[in-house]
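Asks:
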Ligand code: GTP
C-alpha cells in the first residue's frame, strides 16, 4: 500500500482561520472533526504526518501590535493561540482513534511535550501524527516559516499548504474570471514574484534553497488531502 504514496512524510500547514470553519472566530468543532477525518485517511495509508497550525482564528500578533500591544508580546500571544488549536485538533484526532503527540516550541509541560527533533521523528516512524504548537517559539516568525523549518528538520518531502482556494492563480479568480490556475510553478518564480502570495518569502526561500516542494490545495474539498498524498493532479505544485 505504501508504494502508492507519492509523499511518505509531509508537513500539513493549516491556517488558524481554517479552524473557524463556518464561524467568525475561534474553533468550529464540526470542522475540526472533518479535518481529523481527512488526516486520519492519510495516516491510515502510511503517510507520516506533521501538522503546523496558525493561530489567527484566536489571536494574530500583527493585528495585536496594531492595536497597541507590544509586537513581541503580541507574537507570543499568537504562539499560545497555535497551541489552543493544536490541542483541539489533537483531541479530535484522538477521538477518531489516531495516535498523536503534541510538541511545543517552548515548554508548557503539563499540556504537551517539548519539541525534540529526534523524538518527533521517532513518533512519526511509529505512525503517530505529530502536531507542532507554538510556532518556532520566536517572535516575528510566521507559522508558514515554521512549517518550512519543521519540514526541513524533520526531513519532510513536501509541505501541503491547506487553503480555501483550488491552487495558485495568475490573478484573483474572484475578481477576474479569466484568471488562470497554475498546475505547477517554480519556487524561484514564487520567491521573485510579488503577485504570488503562497507563503511569506522567508518560508519560500527556505523551501527554495533546500528543495522542498509546496502543494497549495483546497482543504475544504473532501478527499483532496489524500489525493495530494497519492500524487493526483490537484491544486498547484511548486518545486
Ligand atoms: P515512546 O517512547 O516511543 O513509547 O513514546 P511515548 O510518547 O509513548 O512515550 P512517553 O512515555 O514519553 O509518553 C507517554 C505519554 O506522555 C504520551 O502521550 C506523551 O505525549 C506524554 N508526554 C511525554 N512527555 C511529556 C511532557 O513533557 N509533557 C506532557 N504534557 N506530556 C508528555
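Numbering (this note's numbering), first residue to last: 0 to 238. C-beta: ideal position from N, C-alpha, C; glycine also.
If the criterion is Cβ atoms closer than 8 Å, does the pair residue 141 and residue 218 meet it?
Replies: As a position in the chain shown, residue 141 is number 142, starting the count at 1. As a position in the chain shown, residue 218 is number 219, starting the count at 1. No, the Cβ-Cβ distance between residue 141 and residue 218 is not below 8 Å.
Asks: Using three-state DSSP, classify residue 138 as helix, strand or coil.
Replies: Within the chain shown, residue 138 is the residue found at index 139, counting from 1. If DSSP states are grouped into helix, strand and coil, residue 138 belongs with coil.
Asks: Taking all protein chains shown into account, do 16 or more other C-beta atoms lie within 10 angstroms of the C-beta of residue 221, making it buried, or fewer, making it exposed?
Replies: One-based indexing of the chain shown puts residue 221 at position 222. That one is exposed.
Asks: Using three-state DSSP, classify residue 190 as helix, strand or coil.
Replies: Position 191 of the chain shown, counting from 1, holds the residue named residue 190. In this structure, residue 190 counts as helix in the three-state DSSP scheme.
Asks: With a threshold of 7 Å (Cβ to nearest heavy atom), would residue 100 be considered close to the ligand GTP?
Replies: Here the question's residue 100 lines up with position 101 in the chain shown. Yes; taking the cut-off as 7 Å, the Cβ of residue 100 has a heavy atom of the ligand GTP nearer than that.
Asks: Beta-carbon separation of residue 159 and residue 22 under 8 Å?
Replies: Position 160 of the chain shown, counting from 1, holds the residue named residue 159. Position 23 of the chain shown, counting from 1, holds the residue named residue 22. Contact flag unset, no.
Asks: Quick one, which of 86, 97, 143 and 38 has its alpha-carbon nearest residue 112's?
Replies: Along the chain shown, one-based indexing puts residue 112 at 113. Considering only alpha carbons, the answer is 86.
Asks: Which of helix, strand or coil does DSSP assign to residue 61?
Replies: As a working mapping, residue 61 is identified with position 62 in the chain shown. If DSSP states are grouped into helix, strand and coil, residue 61 belongs with the helices.
Asks: Tell me whether residue 113, by its Cβ, gets closer than 7 Å to a heavy atom of the ligand GTP.
Replies: Counted from its first residue, the chain shown places residue 113 at position 114. The answer is yes for residue 113.
Asks: Apart from the five residues just before and just after residue 5, which ones in its own chain have a Cβ nearer than 7 Å to its Cβ?
Replies: As a first step, residue 5 is located in the chain shown; it is residue number 6 there, counting from the start. The residues 228, 229 and 230, in chain order, have a CB closer than 7 Å to that of residue 5 in the same chain once the five nearest residues on each side in sequence are set aside.
Asks: Please report how far the alpha carbon of residue 17 lies from the alpha carbon of residue 57, in whole angstroms.
Replies: The count along the chain shown starts at 1 and reaches residue 17 at position 18. The count along the chain shown starts at 1 and reaches residue 57 at position 58. So the two alpha carbons sit approximately 11 Å from each other.
Asks: Give the secondary structure of residue 44 by DSSP, where H, G and I count as helix, E and B as strand, and everything else as coil.
Replies: Position 45 of the chain shown, counting from 1, holds the residue named residue 44. Residue 44: coil per DSSP, three-state reduction.
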